[in-house]
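Quick notes on the structure that follows.
Protein chains in written order, with my numbering: chain A, 264 to 517; chain B, 1020 to 1320.
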């Protein structure tokens, strides 16, 4: 009896310890509260608390006017643009972008998840998540292991590092992206600079019909062209297959 | 012997308390004040006919087009407020408090505080059963929650027939609203999935983020009725659905496709963007209220 009680006590204490760990807030800004540290011995793929792989389609029920059509030149409502950004906003010239080979400026990591289209998420290897977007034919590589090599040249999708944030019965993916080329937060030329950092949190939930929804809380921070974080949360419905996958090139006007 | 018995009982009591606490643990701290960010366009209520981002049935569209904002000037409707969905559609932040059982210290419920035109929402966390189908339906409805996968999941039922958008888009009392609350650092993202078998072809899905506020928020305000041009007994302001004078106001202001403004399902998917690519003409450059502070579209003069 005594042995059983002691064992039960050990088990019980192990449970609440986990719960307490989950309740501790992250000390660093942006660190999710209530998350357990990921196991370090397993690959990111094996340690995944949620399955992000598959085809996902944008479900554009918010920010419709800023995403589905090109807004008027000069309009930047709901974006905390800095005074330094305003002349650039008013000088937006899509034809010049096209001529300069910058037609992908609105498809960079600061905005790509808000561009209506489909995502195809796969594991490139055990520690690299790959996100292909058919809009603009963009590819993001999300690294879970620190890269030892020198930083790559700046690019539209930059360099992304990720951590799992497991929780009881699920969890979340946190992605931090930097080393970006300057781009646009909207098609009509609202800028973000090369100094931008994009922090994303990927969460999955079920819809009432049993299908899956991917929610990407996106926090864009730019010390140059934003006065504060620009936060949006585009969401995607899961699709059964890639039959509607249709890569299209970047366009500076559409 | 007595010491052994007392010791065992103490251990058993301790185990029960610990296990109960384990089951009740919140996965993040939900309590506090969450300030609105205003960076997402989800209100869609600045012009009378704006159903962008909705997948409406024909019946819903007809009802919405018959709505006249002047209804809110009727003295008996001035303080009617808005339904549960307005938590994310409205402009305010969230003030979350909790109620605990004084004996077990377990969370019984969370309460999201009321605004001037929105009733408080109580999220019951104690596993209580829902009322019967025929129980009272209210603006706030009845909401039950649970911790799930790192977030707080909740479902609202028993809502009173009303609106899902301030532009008169209706919602029946058969609607359910599913909520997910995700916290990432100081950012709380609220996901709303509204389902209505009568008026929505597909769920309305809105996600909106809030930021933890160091300053307590309190939006409580008394609603005071007053004469606004309608006497008791006046007819209810409305339009014949096919004669709504504002049907093209938003369409013309931003040169938007009419079927998008009127809430047709196909307009929510990327294929629609490709469909209108060759016909869409952007509006002229913005000259007024163009920036972050101008979060609302221009009102008609």
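For every residue, glycine included, the Cβ atom is placed at its ideal position computed from N, Cα and C.
Remember, it's a predicted structure, so these values are computed and weren't measured experimentally.
So, for residue 1300 of chain B: in the same chain, excluding its five sequence neighbours on each side, which residues have a beta-carbon less than 6 Å away from its beta-carbon? Walking along the second chain from the start, residue 1300 of chain B turns up at place 281. The residues are 1274.
From the DSSP output, in three-state form, read off residue 327 of chain A for me. Counting from 1 along the first chain, the entry for residue 327 of chain A is found at position 64. Reduced to three states, the DSSP call for residue 327 of chain A is helix.
Assuming residue 1059 of chain B contacts residue 341 of chain A under a Cβ cut-off of 8 Å, what Cβ separation, rounded to an integer in Å, is found between them? Start at 1 with the first residue of the second chain, and residue 1059 of chain B comes out as number 40. Start at 1 with the first residue of the first chain, and residue 341 of chain A comes out as number 78. Rounded to whole angstroms, the Cβ separation of residue 1059 of chain B and residue 341 of chain A is 7 Å, and the two are in contact under 8 Å.
What residues match up with residue 463 of chain A in a beta bridge as DSSP calls it? Position 200 of the first chain, counted from the start, is the residue given in the question as residue 463 of chain A. Secondary-structure assignment with DSSP links residue 463 of chain A through a beta bridge to A/438 and A/481.
Whose Cβ in chain A lies nearer than 7 Å to the Cβ of residue 1228 of chain B? For the purposes of this step, residue 1228 of chain B is identified with residue 209 of the second chain, where counting begins at 1. Near residue 1228 of chain B (Cβ distances below 7 Å), the residues of chain A are 480, 494 and 496.
Distance cutoff 8 Å, beta carbons only. Does residue 1214 of chain B sit that close to anything in chain A? For the purposes of this step, residue 1214 of chain B is taken as residue 195 along the second chain, with counting starting at 1. So, interface residue.
Closest to residue 485 of chain A by CA distance: which of A/409, A/442 and A/508 is it? By one-based count along the first chain, residue 485 of chain A stands at place 222. Of the residues A/409, A/442 and A/508, the one whose Cα lies closest to the Cα of residue 485 of chain A is A/442.
Excluding the 5 residues flanking residue 397 of chain A on each side, which residues of the same chain have their C-beta closer than 6 Å to its C-beta? Here residue 397 of chain A corresponds to residue number 134 of the first chain, with the count starting at 1. Correct list, in chain order: 380, 381, 508, 509 and 510.
What residues in the segment 356-380 of chain A bring their beta carbon closer than 8 Å to a beta carbon of chain B? The residues in question are 379 and 380.
For the alpha helix (DSSP H) containing residue 352 of chain A, name the first residue and the last one. What you label residue 352 of chain A is simply residue 89 of the first chain in a count that begins at 1. Start and end: 349-353.
Rounded to the nearest angstrom, how far is the Cβ of residue 1049 of chain B from that of residue 1115 of chain B, given a contact under 8 Å? Locating residue 1049 of chain B in the second chain gives position 30, where the first residue counts as 1. Locating residue 1115 of chain B in the second chain gives position 96, where the first residue counts as 1. Sure, about 5 Å apart at Cβ, within 8 Å.
Cutting at 7 Å between CB atoms, please list the residues of its own chain near residue 496 of chain A, excluding the five before and the five after it. Position 233 of the first chain holds residue 496 of chain A. Cβ-Cβ distances below 7 Å link residue 496 of chain A to 478, 479, 480 and 481 in the same chain, with the five nearest sequence neighbours on each side left out; the list follows chain order.
Residue 354 of chain A at chain B interface by Cβ criterion, 8 Å: As a position in the first chain, residue 354 of chain A is number 91, starting the count at 1. So, not an interface residue.
Name the two residues that bound the continuous beta strand (DSSP E) containing residue 1196 of chain B. Indexing the second chain from 1 puts residue 1196 of chain B at position 177. Start and end: 1195-1203.
Endpoints, beta strand (DSSP E) assigned at residue 311 of chain A: As a position in the first chain, residue 311 of chain A is number 48, starting the count at 1. For residue 311 of chain A, no beta strand (DSSP E) encloses it, and the DSSP letter there is neither H nor E.
In the DSSP output, which residue or residues are listed as bridge partners for residue 1091 of chain B? Mapped onto the second chain, residue 1091 of chain B falls at position 72. Secondary-structure assignment with DSSP links residue 1091 of chain B through no beta bridge to anything.
Span of the beta strand (DSSP E) around residue 499 of chain A: Reading the first chain from its first residue, position 236 is the one you call residue 499 of chain A. Segment 498-502, the beta strand (DSSP E) holding residue 499 of chain A.
Are the segment 1126-1137 of chain B and the segment 1094-1108 of chain B in contact at 8 Å, needing three or more beta carbon pairs? Yes, they touch.
Any C-beta of chain B within less than 9 Å: which residues of the segment 414-442 of chain A qualify? For the segment 414-442 of chain A, the residues whose beta carbon sits under 9 Å from a beta carbon of chain B are, in order, 428, 429, 430, 431, 432, 433, 434, 435 and 437.
So with CB distances below 8 Å, who are the chain B contacts of residue 337 of chain A? Within the first chain, residue 337 of chain A is the residue found at index 74, counting from 1. Among the residues of chain B, those whose CB is under 8 Å from the CB of residue 337 of chain A are 1304, 1305, 1306 and 1309, following chain order.
Determine, for residue 1193 of chain B, whether the minimum Cβ-Cβ distance to residues of chain C falls below 8 Å. Note that chain C does not occur in the displayed structure, where the protein chains are A and B.
Give a yes or no on whether 8 Å exceeds the smallest Cβ distance from residue 1222 of chain B to chain A. By one-based count along the second chain, residue 1222 of chain B stands at place 203. So, interface residue.
Does DSSP classify residue 1075 of chain B as helix, strand or coil? Locating residue 1075 of chain B in the second chain gives position 56, counting from the first residue. Residue 1075 of chain B: strand per DSSP, three-state reduction.
In this structure, how does DSSP classify residue 507 of chain A when only helix, strand and coil are distinguished? As a first step, residue 507 of chain A must be located in the first chain, where it is residue number 244. The answer is coil: DSSP assigns residue 507 of chain A none of H, G, I, E or B.
Per DSSP, what are the beta-bridge partners of residue 1301 of chain B in this structure? Looking up residue 1301 of chain B in the second chain gives position 282. Beta-bridge pairing links residue 1301 of chain B to no other residue.
Should residue 449 of chain A be flagged as near chain B, meaning a C-beta pair shorter than 8 Å? Counted from its first residue, the first chain places residue 449 of chain A at position 186. Residue 449 of chain A does not count as touching chain B.
I'd like the list of long-range same chain contacts for residue 1080 of chain B, defined as Cβ closer than 7 Å, with 5 residues on each side in sequence excluded. For the purposes of this step, residue 1080 of chain B is taken as residue 61 along the second chain, with counting starting at 1. In chain order, 1281 and 1282 place their CB closer than 7 Å to the CB of residue 1080 of chain B, counting only its own chain and leaving out the 5 sequence neighbours on each side.
Mind pulling the chain A residues with CB within less than 7 Å of residue 1299 of chain B? Position 280 of the second chain, counted from the first residue, corresponds to residue 1299 of chain B. Correct list: 332.
Cα separation between residue 1084 of chain B and residue 1265 of chain B? Here residue 1084 of chain B refers to the residue found at position 65 of the second chain. Here residue 1265 of chain B refers to the residue found at position 246 of the second chain. Their Cα atoms are separated by approximately 9 Å.
Could you say if the segment 1173-1192 of chain B and the segment 436-455 of chain A meet the contact criterion of at least three C-beta pairs nearer than 8 Å? Touching, no, given that fewer than three Cβ pairs across the two stretches are closer than 8 Å.
Which residues, taken in chain order from the segment 1282-1296 of chain B, show a beta carbon closer than 9 Å to some beta carbon of chain A? Against chain A - using a Cβ distance shorter than 9 Å - the residues of the segment 1282-1296 of chain B are 1286, 1287, 1288, 1289, 1290, 1291, 1292, 1293, 1295 and 1296.
Per-residue DSSP class, three states only, for residue 1285 of chain B: In the second chain, the residue the question calls residue 1285 of chain B occupies position 266. The answer is helix: DSSP assigns residue 1285 of chain B an H, G or I state.
Does DSSP classify residue 1226 of chain B as helix, strand or coil? As a position in the second chain, residue 1226 of chain B is number 207, starting the count at 1. Strand.
Buried or exposed: residue 311 of chain A, going by 16 or more other Cβ atoms within 10 Å of its Cβ? Within the first chain, residue 311 of chain A is the residue found at index 48, counting from 1. The residue is buried, with at least 16 neighbouring Cβ atoms inside 10 Å.
Can you tell me which residues form a DSSP beta bridge with residue 1211 of chain B? The residue labelled residue 1211 of chain B in the question sits at position 192 within the second chain. DSSP links residue 1211 of chain B through a beta bridge to B/1198 and B/1225.
The segment 453-468 of chain A: which residues have C-beta closer than 7 Å to a C-beta of chain B, in chain order? Listed in sequence order: 464, 466 and 468.
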